[in-house]
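What follows is a set of notes on a single structure, which appears directly below.
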Amino acid sequence: MTAWEGLAHGFNVALQPDVLAYCLLGVTLGTFIGVLPGIGAMAAISLLLPITFYISPEAALVMLAGVYYGAQYGGAVASILLRLPGTPQSAVTTLDGYPMAQQGRAGVALFVSMVSSFAGSMLGIVVLVVLAGWLSEAATAFRSAEYAAMMVLGLVAASTIGSDRPAKAFAMVTLGLILGCVGTDVNSGAQRFTFGIPELMDGINLVALAMGLFGVAEVIGNIRNAERHAAPERVTFRQMMPSRDDLKRMPAATLRGTALGSFFGALPGTGSTLSSFLSYAVERRVARHPERFGKGAVEGVAGPEAANNAAAITAFVPTLTLGIPGDPIMALMLGALVIHGIQPGPEMLTARPDMFWGLVVSFGIGNLLLLILNLPLIGIWVSMLRIPFRYLYPAILIFVCLGVYSVRGSAFDIATVAVVGLCGYLLALARFSPALLLLGFVLGPLIETHLRRAMLISRGDPMVFLERPIACAFVIASVLLIGLSIFQNLRRR
Amino acid sequence: MKRDLIGVSNSASGGLAFTRRAALAAAAAFALAAPAFAQDWPTGPVHVYVGFPAGSSPDLLARIITEPLSQKLGQPVVVENKPGAGGVIGVQQMLAAGPDGHAFGTTINGPLTTAGRLMPDLGYDVAKDIQPVALIATSPLVLAVAGDAEATDLAGFIELAKAEPGALSYGSVGQGSGAHLTAELFNEAAGIEMLHVPFTAYAEVTTSIIGREIDAGFMAPSAALPHVASGKLKMLGVTSAEPFAQIPDVPVIAGNAGMPADFQAELWNAFIAPAGTDPNVVARLNTEINAILADPEVQKKLLDMGWQAAGGTPEDLAKRITDDTRMWGAVIDKVGTAK
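Quick note, the sequences are listed as chains A and B, same order.
Oh and the first sequence: position 93 is 93 in our numbering, straight run, nothing missing.
To convert a position in the second sequence, counted from 1, into our numbering, add 493.
Here you go:
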């Protein structure tokens with residue numbers, strides 16, 4: 001089946017009234033829970049999972065996928081207006097989105113994030129259609145050595161996010177790496193820093209850490225000045241119109257973000273959080289005036305939002321073609337398929353074309369619906385966040401607890417959120433970047449696992465990282481980046 | 494422990510002088526209590542703790558059982574997902590809920606057999622704290638290699654491994670996992686040496702085998718099947734005693750290619766209760782679960798997911814736990830997995 005036939009087939013599936021209705025339901029629900037800080041796509045999809053027993057597998061997947069990418073749109077709203085990320089993926093959007101809102105440009109920031117999200121998703125779909133077959137082949141060509149080298153490059157590149165104070169940035173990344181060590185060592189089975197607590201055997205819960213660092217810490221920080229902290233302005237469609245300067249800066253950033261997102265989304269095990277961080281780092285690197293970042297740079301919103309939406313789409317490639325979920329949410333989607341007796345794998349494209357192409361077309365329809373939902377109706381979403389703080393903040397804390405509990409039904413994780421939230425507040429007071437801690441936490445275990453696996457398989461020969469061309473290229477790029485950073489810092493003195 | 498009710502009625506009559514009448518009265522009271530009890534239980538929703546996340550294979554298996562069970566008991570049967578620590582947290586949470594006849598669990602073999610050897614502090618003693626109810630299903634593992642691998646059958650694979658000891662590598666889903674221990678058992682029985690490369694999920698293992706980064710792996714048949722259809726993997730043998738219905742063409746390893754005739758390794762999934770749960774409740778549950786497992790439709794659903802319906806008495810399950818703990822314990826001793 002060629003891509004064109006596939007798409008035609010997909011329209012037949014996706015335009016069936018029930019599939020269309022579930023798509024609308026999914027994206028609306030996704031936006032809703034995305035806008036609410038704390039509660040994420042994970043919670044919504046877990047709650048919807050039992051319903052999928054009773055509907056067709058196509059409709060089920062279309063709905064769950066709609067929640068997933070709908071949340072990526074919604075996540076940006078609270079990030080921009082309240083500096084509370086609606087989802088971990090949109091944490092990086094707070095860095096420039098919130099300053100824009102403080103400058104009275106909230107509408108523009110929302111517009112930029114919506115349009116970049118839409119563009120990122122649409123281009124992600126094109127990448128998915130053109131490269132689905134090829135990407136699933138390429139993914140098996142990526143071995144441990146390539147992954148380890150790529151993650152190192154990612155860590156080095158993204159560490160420049162807060163590079164105004166390299167020592168503080170270094171401290172945060174290192175703290176993240178240390179926290180990432182907690183749990184069972186994959187290679188030896190030994191327990192590291194678990195203190196005999198079984199809940200720590202699988203490591204510190206990522207959602208608890210992210211929500212604590214960004215959500216709870218922000219709420220604590222705002223209690224002190226809740227009165228001064230103005231509720232977000234009403235945002236009208238008119239206020240969303242960007243200036244000519246914004247329009248000039250946006251497209252390149254969106255395209256770069258899409259490219260990064262499409263690539264990292266398609267690689268199993270990396271996910272969309274990483275790609276939004278990387279996109280931000282790249283925008284900072286290529287900008288002529290990097291000092292604008294953190295003070296309301298349009299590129300800092302456009303790039304990461306395009307990246308996480310593109311990644312949300314291409315993340316379906318490894319999930320469906322290899323059966324490797326990129327994040328816990330994708331793992332839930334796999335479960336939904338298995339419930340219906342569908343084993344994801346390389347056969348998916350040929351054995352279940354209705355499923356695959358129907359989903360692809362539904363992505364397009366869903367994103368169009370999201371743009372329609374979000375641009376003219378943005379006022380409704382914003383008004384959800386205009387509830388007085390004395391009601392909104394307790395509600396947010398409840399949603400955070402619900403969201404974290406929903407991941408694995410663990411009260412321990414709620415305690416984790418509380419402790420991390422308090423620490424996050426102290427870090428914020430001392431002006432440390434929690435984003436870097438999160439980055440180290442996500443990448444550290446991946447680097448370690450792949451590095452040790454590559455060394456194990458090569459029987460201890462480190463040349464494996466230099467002999468393989470792709471891995472070697474990543475290593476060289478990392479070394480160059482570190483050299484460049486040192487050089488720039490020395491010259492500044 | 495198992496005979497709690499009888500124990501209570503005995504001690505109640507223990508203070509009385511033994512008369513025929515007293516004994517009859519006690520027996521009558523007991524006989525009256527039993528049917529009254531069967532009608533009363535369950536008095537509310539029944540909770541089944543599963544140590545794996547919603548949508549995972551152990552979770553889906555639990556739901557295949559809990560749905561008809563709910564109809565038979567006339568009360569909702571709620572699956573409580575408490576994932577973590579290889580299923581151990583699910584068992585701990587069930588024990589924390591207590592033996593009031595409304596908290597049960599389904600678990601894979603790990604938390605009942607090998608976990609005590611692999612974890613520093615399990616927080617429970619399988620022999621003392623767990624009341625076996627029924628074995629739900631078993632699953633063998635298959636030995637899978639890349640579709641374009643040199644070896645075309647088990648004999649060829651073993652020959653290849655013997656030609657250059659330590660050159661071949663295999664993937665597992667973690668230290669002390671069924672996939673790891675089965676492969677070590679295989680190594681010993683075949684007299685070969687393969688390098689162990691731990692992963693965290695079967696999908697990672699299959700990708701690594703297809704990419705020819707590692708050479709082989711023992712895995713659940715459902716993990717290998719999608720790739721077998723496309724020719725990217727082939728299955729050289731299965732670890733069950735008889736050919737497995739989901740993959741009838743794959744030869745059993747036992748007795749093949751010079752392997753011992755008793756070579757067998759199976760994963761399983763069981764229904765358990767906290768020790769101290771009323772024996773009548775355990776008996777009733779065992780009957781209902783065996784009836785559910787006898788339903789051909791349930792058997793087919795299980796088989797589609799790679800599970801062979803099992804069943805049997807609580808004592809059968811207890812024996813299985815003891816036997817497997819001994820068998821895998823010996824393998825763990827040999828490989829010296831870190832605790």
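C-beta: ideal position from N, C-alpha, C; glycine also.
Nothing here was measured: the structure is a model prediction, and the numbers come from that model.
First through last residue of the beta strand (DSSP E) which encompasses Glu573(B): Glu573(B) -> beta strand (DSSP E) spans Val570 to Asn574.
Member of Gly598(B), Val743(B) and Gly579(B) whose CA lies at the smallest distance from the CA of Val571(B): Looking at the Cα atoms, Gly598(B) is the closest of the given residues.
Ile486(A) versus Ala91(A): straight-line alpha-carbon distance, rounded: Across the structure, Ile486(A) and Ala91(A) are spaced so that their CA atoms are roughly 27 angstroms apart.
The stretch 69-84 of chain A in contact with the stretch 302-316 of chain A per 3-pair CB rule at 8 angstroms: With a cut-off of 8 angstroms, the stretch 302-316 of chain A and the stretch 69-84 of chain A count as touching, because enough Cβ pairs lie within range.
Three-state secondary structure assigned by DSSP to Tyr617(B): Per DSSP, reduced to three states, the secondary structure at Tyr617(B) is coil, with no helix or strand assignment.
Cβ of Lys727(B) within 8 angstroms of any chain A Cβ: Lys727(B) does not count as touching chain A.
Chain A contacts made by the stretch 548-573 of chain B, where a contact means CB separation under 8 angstroms: For the stretch 548-573 of chain B, the set of residues with a beta-carbon nearer than 8 angstroms to any beta-carbon of chain A comprises Gly548, Ser549, Ser550, Asp552, Leu553 and Glu573, in chain order.
Distance CB(Val108(A))-CB(Val360(A)) smaller than 8 angstroms: In terms of Cβ geometry, Val108(A) and Val360(A) do not form a close pair [threshold 8 angstroms].
Opposing strand residues paired with Thr699(B) [DSSP bridges]: DSSP lists no beta-bridge partner residue for Thr699(B).
When Leu131(A), Tyr391(A), Gly303(A) and Ile329(A) are compared against Ser116(A), the one with the closest alpha-carbon: Selected option, being the one with the closest Cα: Gly303(A).
Integer Cβ distance of Phe474(A) from Val152(A), believed to fall under 8 angstroms: Sure, about 7 angstroms apart at Cβ, within 8 angstroms.
Proximity winner among Lys575(B), Arg610(B) and Val666(B), relative to Tyr405(A) (alpha-carbon distances): Looking at the Cα atoms, Lys575(B) is the closest of the given residues.
Burial state of His673(B) (16 or more Cβ within 10 Å): Taking all protein chains in view, the Cβ of His673(B) is crowded by 16 or more other Cβ atoms within 10 Å, so the residue is classified as buried.
7 angstroms Cβ shell around Ala477(A) - same chain, five flanking residues per side excluded: Cβ within range, chain order: Leu153.
C-alpha gap between Leu678(B) and Leu795(B), whole angstroms: Near 27 angstroms, if we compare the C-alpha coordinates of Leu795(B) and Leu678(B).
Reduced DSSP secondary structure (H/G/I, E/B, other) of Ala515(B): For Ala515(B), the predicted structure reports a pLDDT of 48, less than 50, and the residue's modelled location is therefore unreliable. A value from the coordinates is still provided. Annotated three-state conformation of Ala515(B) is helix, per DSSP.
Status (buried if at least 16 other CB within 10 Å, exposed otherwise) for Leu200(A): By the neighbour-count rule (16 or more Cβ atoms within 10 Å), Leu200(A) is buried.
Selected residue, minimal CA-CA separation from Leu481(A), among Leu155(A), Leu64(A) and Ile223(A): Comparing Cα-Cα distances from Leu481(A) to each of Leu155(A), Leu64(A) and Ile223(A), the minimum goes to Leu155(A).
Per-residue burial, Lys295(A) [other beta carbons within 10 Å of its own, 16 or more giving buried]: Under this definition Lys295(A) is an exposed residue.
Ala627(B) in three-state terms, based on DSSP: DSSP, read as helix, strand or coil, puts Ala627(B) in strand.
Beta-ladder partner(s) of Arg386(A), from DSSP: Arg386(A) is not bridged to any residue.
Residue range of the unbroken alpha helix (DSSP H) whose run includes Val13(A): Where Val13(A) is concerned, the enclosing alpha helix (DSSP H) stretches over Ala3 to Ala14.
Where the beta strand (DSSP E) through Gly75(A) begins and ends: Counting along the chain, Gly75(A) falls outside any beta strand (DSSP E), though it belongs to the alpha helix (DSSP H) covering Pro57 to Leu82.
Enclosing beta strand (DSSP E) for Lys727(B) [first to last residue]: Bounds of the beta strand (DSSP E) holding Lys727(B) are Leu726 to Val731.
Euclidean distance between Cα positions of Tyr98(A) and Cys181(A): Approximately 32 angstroms, taken between the alpha carbons.
Within 7 angstroms of chain B by C-beta, residues of the stretch 186-212 of chain A in sequence order: Taking 7 angstroms as the Cβ-Cβ cut-off against chain B, the residues of the stretch 186-212 of chain A that qualify are Val186, Asn187, Ser188, Gly189, Ala190, Gln191, Gly196, Pro198, Glu199, Met201 and Asp202.
Assumed close pair Ser662(B), Phe692(B) - CB separation to whole angstroms, cut-off 8 angstroms: With a Cβ gap of about 11 angstroms, Ser662(B) and Phe692(B) do not count as contacting.
Beta-carbon contacts of Gln585(B) that lie in its chain and below 7 angstroms, excluding the five residues immediately before and after: Gly616 and Tyr617, listed in sequence order.
Cβ-based contacts, 7 angstroms cut-off: residues of the stretch 449-463 of chain A near chain B: Answer in chain order: Arg453, Leu456 and Ile457.
Simplified DSSP state of Ala672(B), which is helix, strand or coil: Assignment of Ala672(B) by DSSP, reduced to helix, strand and coil, places it in the helix class.
Counterpart residues of Asn222(A) in DSSP-defined beta bridges: Residue pairing of Asn222(A) in beta bridges, as defined by DSSP: absent, with no partner found.
Helix, strand or coil at His450(A) [DSSP, three-state]: DSSP, reduced to helix, strand and coil, places His450(A) within a helical segment of the structure shown.
Chain B residues whose Cβ lies nearer than 7 angstroms to that of Arg256(A): Correct list: empty, because the minimum Cβ distance to chain B is about 29 angstroms.
contact_flag[the stretch 284-294 of chain A, the stretch 257-269 of chain A] where n(CB pairs < 8 angstroms) is 3 or more: Contact fails: fewer than three Cβ-Cβ distances are below 8 angstroms.
Sheet register partners of Pro85(A) (DSSP bridge): For Pro85(A), which the question treats as bridged, DSSP gives no partner whatsoever.
C-beta atoms of Ser733(B) and Pro633(B) nearer than 8 angstroms: By the CB criterion at 8 angstroms, Ser733(B) and Pro633(B) fall inside the cutoff.
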